[in-house]
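Q: Dumping the structure here so I can ask a few things about it.
Protein chains: 2
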Amino acid sequence: MAGATREGAGVATLSDVARRAGVSPATASRVINGSSKPVTDELRERVLRAVADLQYVPNAHAQLLARSHRGAVGVIVHDVSDPYFSEITRGLQRVATDRGRLLMICNSYRDPERELEYVELLRGQQVAAIILAGSGYHDPDFTRLLNGKLAAYEATGGRVAVIGRHEHSGDAVMPDNRAGARLLGEEIRRLGHERVGVVAGPKMLTTTTDRLTGLREAFAAHHRELPEHRIRYAAFDRDTGAAATASLLDAEPELTAIAALNDSMAIGALSLLRSRGIAVPGQVSVFGFDDMPMARDVTPALTTVRLPLVELGTRAMALALDAGSAKPRVESLAAELVRRDSSAPAKGMARY
Amino acid sequence: MAGATREGAGVATLSDVARRAGVSPATASRVINGSSKPVTDELRERVLRAVADLQYVPNAHAQLLARSHRGAVGVIVHDVSDPYFSEITRGLQRVATDRGRLLMICNSYRDPERELEYVELLRGQQVAAIILAGSGYHDPDFTRLLNGKLAAYEATGGRVAVIGRHEHSGDAVMPDNRAGARLLGEEIRRLGHERVGVVAGPKMLTTTTDRLTGLREAFAAHHRELPEHRIRYAAFDRDTGAAATASLLDAEPELTAIAALNDSMAIGALSLLRSRGIAVPGQVSVFGFDDMPMARDVTPALTTVRLPLVELGTRAMALALDAGSAKPRVESLAAELVRRDSSAPAKGMARY
DNA sequence: AGGTGTCAGGTAAGCGCTTTCCTGACAGCC
DNA sequence: GGCTGTCAGGAAAGCGCTTACCTGACACCT
């Protein structure tokens with residue numbers, strides 16, 4: 007009965023442990039987080055037993071406050087359940103785990119406002135680094151605000167890395183969307199498609215404009231155009247992709263190709279075409295972008311542009327965790343065309 | 007120049023703000039987090055200006071420590087990039103956001119050890135609730151250890167809710183895996199399949215055994231068996247699902263149906279079958295489980311068992327955030343068979 | 001023997017905030 | 001005019017830890 011103290015009355019604290027072990031809090035602390043300061047086996051033993059008895063877990067906030075040590079890393083993505091971001095996150099996670107960091111994932115759901123809130127929140131949590139993944143917005147006010155907050159964070163030692171954002175001036179990993187789209191445009195031209203509908207992403211996202219620009223460049227190189235009336239702006243997801251395809255087809259039934267600016271929308275397009283009994287690629291070719299894992303599993307398997315998604319994540323995390331250099335480091339990762347079964351020469355181009 | 011203090015020398019703190027505004031830290035604190043205590047407009051104004059000037063963000067750890075207030079909520083999942091978990095997470099996130107809580111997502115990658123670590127970590131972060139999503143493990147030692155830690159957490163006011171785990175004695179949301187599998191078994195029997203290969207999940211997961219049990223029960227009801235030699239244990243992912251299917255087919259080319267215990271593996275099976283030129287459902291029917299979003303997008307669209315994934319998440323979060331009741335609340339969510347194009351009557355059963 | 005070096009362990013000062021309790025000013029009352 | 005009540009704002013005590021610094025014991029030296 008001798009050891010009976012007022013335990014169970016709330017969370018066990020370090021001093022509870024110390025008291026039970028009959029040592030000072032300092033000694034208990036040293037044992038618990040393996041300080042360099044030596045402690046005799048006798049005391050160490052007693053402390054460890056007390057820890058076990060009390061199921062003691064250090065209060066992370068108190069620790070962090072006391073050490074003013076930055077622990078975790080935060081990433082703000084548009085939406086983790088989107089495979090594009092799951093893959094990137096997988097890469098981030100891998101490196102974070104290797105370096106013993108906890109990764110906190112925040113979904114902005116493409117709401118700039120919420121993105122700002124999460125930056126504040128992560129800053130408040132004293133995270134070691136903030137990673138922003140996913141396209142930026144065409145919105146100067148927002149960009150200025152965001153950059154202001156990030157600058158304040160960096161000014162106090164925080165690290166920032168972005169994936170696929172032009173607007174930030176620091177370390178960045180950039181998928182080469184424009185060059186990728188150019189490859190795609192070349193391929194479409196090569197296959198002889200003249201009437202091409204484009205299912206683009208949200209107009210406000212820079213990724214959308216980058217990809218559109220690349221596509222246009224490829225067409226311009228052959229003195230062709232990508233007229234605005236053959237472009238639809240959707241939400242980068244399956245269902246709006248299907249709707250956009252329907253709208254495109256209703257306006258112009260003779261299209262021979264649909265280029266969707268990401269795979270989710272391409273899959274929506276595929277599904278819409280199937281439901282209308284239009285053969286792919288027999289009547290219409292479909293192109294995607296990103297090469298997310300499921301692109302190979304749909305039928306026909308999707309011709310798309312591969313982005314090294316996981317690597318985007320690993321690189322960004324490496325950038326964020328390695329000591330920052332004076333000059334911003336920008337790594338550009340190349341895209342690659344992946345030909346599968348959803349594309350074929352345009353009718354009358356069978357010689358290809 | 008009058009207001010120039012040693013700013014920029016680290017993160018701005020509350021007292022920096024107070025000093026700059028010419029008030030006490032107490033007043034600054036009251037203004038900043040809208041305490042009930044009244045503050046004159048004059049002072050309030052000055053404090054807010056100082057906050058803006060200094061780009062001040064409260065140190066969340068200090069706040070949490072001082073209030074000993076539990077803020078965020080943590081969820082431990084097997085792997086968010088698995089659509090099964092992304093969907094659940096989406097549900098969790100929705101409710102968490104509604105209630106103004108930050109959700110921290112932790113991936114255990116099906117490593118019990120890491121799951122334990124994350125529980126400790128979240129406990130240390132003083133989260134308001136811990137949600138465990140995903141199958142438990144057939145491992146009494148681990149279960150005992152985990153329950154011990156969770157009990158300690160709950161003893162100090164933490165809330166715990168689990169999704170799809172039998173082993174925990176508290177609040178739980180349970181997908182009815184067994185009944186769902188029974189439905190699936192019934193359907194397979196109804197279609198007249200006699201030689202059925204099963205691509206199961208990891209043997210150590212209770213979800214695997216539950217689904218297997220349901221399947222067996224349906225077969226037993228018709229005096230049929232599900233012999234062990236027609237079962238393969240894979241890793242619940244696409245690639246191992248394909249490999250397991252290959253192994254099944256190699257051992258017994260006359261199988262007329264493959265029942266995969268989740269959709270990812272079913273998609274792997276589909277891909278393997280396609281690569282071998284085996285028609286689905288012409289020669290072999292394929293069945294999945296979960297009804298993840300992409301099940302409708304593969305070709306042929308997957309016949310599967312729908313689990314209300316998002317709802318699993320919303321319910322669990324609601325349980326976790328609502329005040330706990332004395333007796334554990336267990337909500338069971340029904341599964342539902344979804345017939346699509348990957349299944350057909352067995353050969354010789356065309357009358358169906 | 002006295003001095004010095006070494007080392008295990010304790011003491012106490014914060015880390016940045018919240019909040020209770022106190023103070024002093026002022027208005028309203030007999 | 002003196003008393004009380006009210007109320008804005010400040011002082012200070014923690015929240016649970018870490019760690020620089022101090023203490024006292026002991027061994028070893030001249």
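If you read the protein sequences in the order shown, they are chains B and V. When we follow this note's numbering, the leftmost residue of the first sequence carries the number 7, and every step to the right adds one. When we follow this note's numbering, the leftmost residue of the second sequence carries the number 7, and every step to the right adds one. We put the CB at the ideal spot given by N, CA and C, even for glycine.
(1) Rounded to a whole number of angstroms, what is the C-alpha to C-alpha distance between alanine 326 of chain B and alanine 32 of chain B?
(2) Contact criterion: CB-CB distance below 8 Å. Does serine 92 of chain V meet it with respect to chain B?
(3) Does threonine 309 of chain B have its Cβ less than 8 Å from a Cβ in chain V?
(4) Beta-carbon within less than 7 Å of leucine 278 of chain V's beta-carbon, same chain only, minus the 5 sequence neighbours each way: which residues are those?
(5) In chain B, what lies closer than 7 Å to glutamine 289 of chain V by C-beta?
(6) Which whole-angstrom value is the C-beta distance of leucine 138 of chain V and isoleucine 194 of chain V, which I expect to be below 8 Å?
(7) Quick one: does asparagine 113 of chain B have its CB under 8 Å from some CB of chain V?
(8) Between the C-alpha atoms of leucine 343 of chain B and leucine 190 of chain V, what's the straight-line distance to the nearest angstrom?
(9) How would you call threonine 46 of chain V, buried or exposed, if buried means at least 16 neighbouring beta carbons within 10 angstroms?
(10) Could you have a look at aspartate 347 of chain V and say whether DSSP puts it in helix, strand or coil?
(11) Since glutamate 337 of chain B sits in a beta bridge, which residues does DSSP pair it with?
(12) Alpha carbon to alpha carbon, how far is methionine 271 of chain B from alanine 66 of chain B? Give it in angstroms, no decimals.
(13) With DSSP collapsed to three states, give me the class of alanine 329 of chain V.
(14) Taking Cβ-Cβ distances shorter than 7 Å, what residues in chain B pair up with alanine 158 of chain V?
(15) Report the rounded CA-to-CA distance for alanine 307 of chain B versus alanine 135 of chain B, giving the unit in angstroms.
(16) What whole-angstrom Cβ distance do asparagine 113 of chain V and glycine 207 of chain V have, given they're in contact under 8 Å?
(17) Taking 8 Å as the CB-CB limit, is isoleucine 264 of chain B close to chain V?
(18) At the level of alpha carbons, what is the spacing between histidine 144 of chain V and arginine 280 of chain B?
(19) I'd like to confirm the pairing. Which residues does DSSP put opposite serine 265 of chain B in its beta bridges?
(20) Between B:Ala157, B:Ala158, B:Phe293, which has its C-alpha nearest arginine 217 of chain B's C-alpha?
(21) Quick check on the DSSP output: what are the complete alpha helix (DSSP H) runs of length 4 or more inside the region 125 to 193 of chain V, in order along the chain?
(22) Flag aspartate 243 of chain V as yes if its beta-carbon sits less than 8 Å from any beta-carbon of chain B, otherwise no.
(23) Taking its Cβ as the centre, do 16 or more other Cβ atoms sit within 10 Å of glutamate 234 of chain V, making it buried, or is it exposed?
(24) Could you give the DSSP three-state label for valine 101 of chain B: helix, strand or coil?
(25) By the DSSP assignment, the alpha helix (DSSP H) with arginine 55 of chain B in it spans what residues?
(26) Quick check: what's the CA-CA separation for valine 86 of chain V versus isoleucine 94 of chain V?
(27) Following the continuous alpha helix (DSSP H) through threonine 219 of chain V, name the residue where it begins and the one where it ends.
(28) For a contact meaning CB atoms closer than 9 Å, what does leucine 127 of chain B contact in chain V?
(29) Is the Cβ of isoleucine 136 of chain B closer than 8 Å to any Cβ of chain V?
(30) Hey, alanine 34 of chain B and alanine 24 of chain B are a contact pair by Cβ (cut 8 Å); roughly how many whole angstroms apart?
(31) Using 8 Å as the threshold, is the C-beta distance between glutamate 260 of chain V and arginine 236 of chain V below it?
(32) Quick one: list the residues of chain V neighbouring glycine 319 of chain B, beta-carbon separation under 7 Å, in chain order.
(33) With 16 other CB atoms within 10 Å as the buried threshold, where does alanine 340 of chain V fall?
(34) Are three or more beta carbon pairs between the region 311 to 327 of chain V and the region 93 to 110 of chain V nearer than 8 Å?
(35) With DSSP as the reference, label tyrosine 90 of chain V as helix, strand or coil.
(36) 8 Å is my cut-off, CB to CB: does aspartate 303 of chain V come that close to chain B?
A: According to the data block:
(1) 34 Å
(2) yes
(3) no
(4) Ala248, Thr251, Ala252
(5) Chain B residues near glutamine 289 of chain V: none, gap ~16 Å exceeds 7 Å.
(6) Not quite, the Cβ-Cβ distance comes to about 31 Å (not below 8 Å), so this is no contact.
(7) yes
(8) 40 Å
(9) exposed
(10) coil
(11) B:Val179
(12) 43 Å
(13) coil
(14) Gln61
(15) 38 Å
(16) The pair is not a contact, with the Cβ atoms about 17 Å apart (cut-off 8 Å).
(17) no
(18) 44 Å
(19) Correcting the residue type first, residue 265 of chain B is alanine in the shown sequence and not serine. Beta-bridge pairing links alanine 265 of chain B to B:Val204, B:Phe293.
(20) B:Phe293
(21) 146 to 161
(22) no
(23) exposed
(24) helix
(25) 47 to 60
(26) 9 Å
(27) 212 to 226
(28) Val63, Ala66, Leu108
(29) no
(30) 4 Å
(31) no
(32) The premise fails here: glycine 319 of chain B is roughly 11 Å from chain V at the closest Cβ pair, so nothing lies under 7 Å.
(33) exposed
(34) yes
(35) helix
(36) yes
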